[in-house]
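First comes the structure, then the notes that go with it.
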Amino acid sequence: MKSYESLRITERILLAIAVLLGSTVIFGWIANIPTLIQVLPTFVPMQFNTAFFLITSALGILFADKFRKEGSTFNPIQYIAIFNILITGLTLLQYYIDKDFGLDELFFQHYIFTNTSHAGRMSPQTAFCYITVNLGLFLYTLPHNKKKTNTIRFLSLSVYALAFFALSGYIFNIESAYALREKSTQMAVHTAFGFVLLSLALKAKAIKLTNENYAFSHFITHIALISIAIAVEVITPQNISVAPIYAPAIIFAIYFQKRSNIFIVAVVSFLMICLDYYILLKTHTSLIQDTANLLLSLLSVSLISFLAYTIKNTIEKLEHQKKFNESIVNNTVEAIITINDFGIIQSINKAAETMFGYTKPEIIGSNINIIMPNKIKSE
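Under my numbering, residues 2 to 380 are what the sequence shown spells out, in order.
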């Protein structure tokens, strides 16, 4: 329960920061304060629409449980998610059909155009991330099953990976990480940070659905491993295979209760490797070598994932066999006690508890002499 409470508190803090961030940028546009909009004069601004959807997405995730618990047929969170998907989806479509639907300045007339292809238009990565986050939010409002929950976890982790990839680009001054498409608006640094907040909050929500024995420290460690892998990928020369850097994150997924975690991390690793290949194609001309590196990286991740899955499967079988053996011992009518070479009691069944009048916490770890009659002890 402590882990779930920690996740719940963390989720609310992340969403509160996201709402504050979006509100600050909107205030910056209205009050004409460029620092709040751009962070630095040479950086792309967070567009007004981007800030608006950051707020609506965060509030949707924050209040998603409230309307699910009420059991009402009318769920406003679903409509918020659909609205966000519709507008950001049309925004993304504008890039590829070269049309202007008038959505970019639907709420506000923009006046800062640094690294912006169209006034007020969010970047393609931003639009894609909003579609993904709100798709996860919409699925969360529906009746849950294993597939939907795993899908939400995959979507949230994918957004986190894309956002942290862009954020790492700003940290290490690598423009290709946050400007994936030429002649398009770049993803702003605080937009990337906003998606980190949203994705982690959505992931925390999905974890709570699984009733999984999920240590909060595991959550932090796993995100840290993925973050390190992405940061290393950003700074690694683009002609070097990046597959090994995702191995720790994939293998660490063994510690989680659900085997599906291994596949989710593996697929996200595939996506990030393919993203690296996409960037590579724009800057390198050695197609054969680059494609060979891609295939080698995907094969390496596949083998690492298979190894992790095999280990996890073996651990689960051993745990199942252990529980089966314990059930046999506990339900037998004969008293059974196991000790080590030093006479220290290791386990005791229910019949032995009844016979000797000790509970497991009282007797385990004690010497076998504790249950010996005084006559035998003296001998």
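Glycine included, each C-beta is placed from N, C-alpha and C at the ideal position.
- Going by C-alpha positions, Val-134 is about 9 angstroms away from Ile-62.
- Counted as a single uninterrupted DSSP element, the alpha helix (DSSP H) harbouring Gln-126 occupies residues 125-142.
- Using a 10 angstroms sphere on the CB of Ser-124, the tally of other CB atoms reaches 16 or more, which defines it as buried.
- Shown here for Ser-185: same chain residues with a beta carbon closer than 8 angstroms to its own, the five before and five after excluded, namely Tyr-96, Ser-118, Ser-124, Pro-125 in chain order.
- Counting only unbroken stretches of 4 or more residues, the alpha helix (DSSP H) elements lying wholly within the stretch 176-264 are 190-210, 217-236, 248-253, in sequence order.
- Inter-residue distance for Pro-46 and Lys-323 is about 58 angstroms (C-alpha atoms, whole angstroms).
- Here Ile-305 has Ala-248, Ile-251 as same chain residues with Cβ atoms under 6 angstroms from its own Cβ, once five neighbours each way along the sequence are excluded.
- Straight-line spacing of the CA atoms in Glu-183 and Leu-60 works out to 32 angstroms.
- Residue pairing by DSSP puts Ser-348 in a beta bridge opposite Thr-339.
- Judged by beta-carbon spacing, Leu-8 lies within the 8 angstroms limit of Ala-205, meaning their Cβ atoms are closer than that value.
- Three or more Cβ pairs closer than 8 angstroms define a contact, and the stretch 290-302 meets that threshold against the stretch 265-274.
- With fewer than 16 other Cβ atoms inside 10 Å of its own Cβ, Ile-345 counts as exposed.
- When Leu-210, Phe-173, Leu-163, His-219 are compared, the shortest CA-CA separation from Thr-192 is found for Leu-163.
- Residue pairing by DSSP puts Asn-368 in a beta bridge opposite Ile-345.
- Per DSSP, Phe-325 is one residue of the alpha helix (DSSP H) stretching across 288-332.
- Here Glu-12 carries a helix assignment [DSSP, helix/strand/coil].
- In the three-state DSSP reduction, Tyr-80 falls in the helix class (H, G or I).
- With a 10 Å radius around the Cβ and a threshold of 16 neighbouring Cβ atoms, Ala-254 comes out buried.
- Taking every protein chain shown into account, the CB of Asp-105 has 16 or more other CB atoms within 10 angstroms, so this residue is buried.
- A buried status is given to Thr-127, since no fewer than 16 other beta-carbon atoms sit within 10 Å of its beta-carbon.
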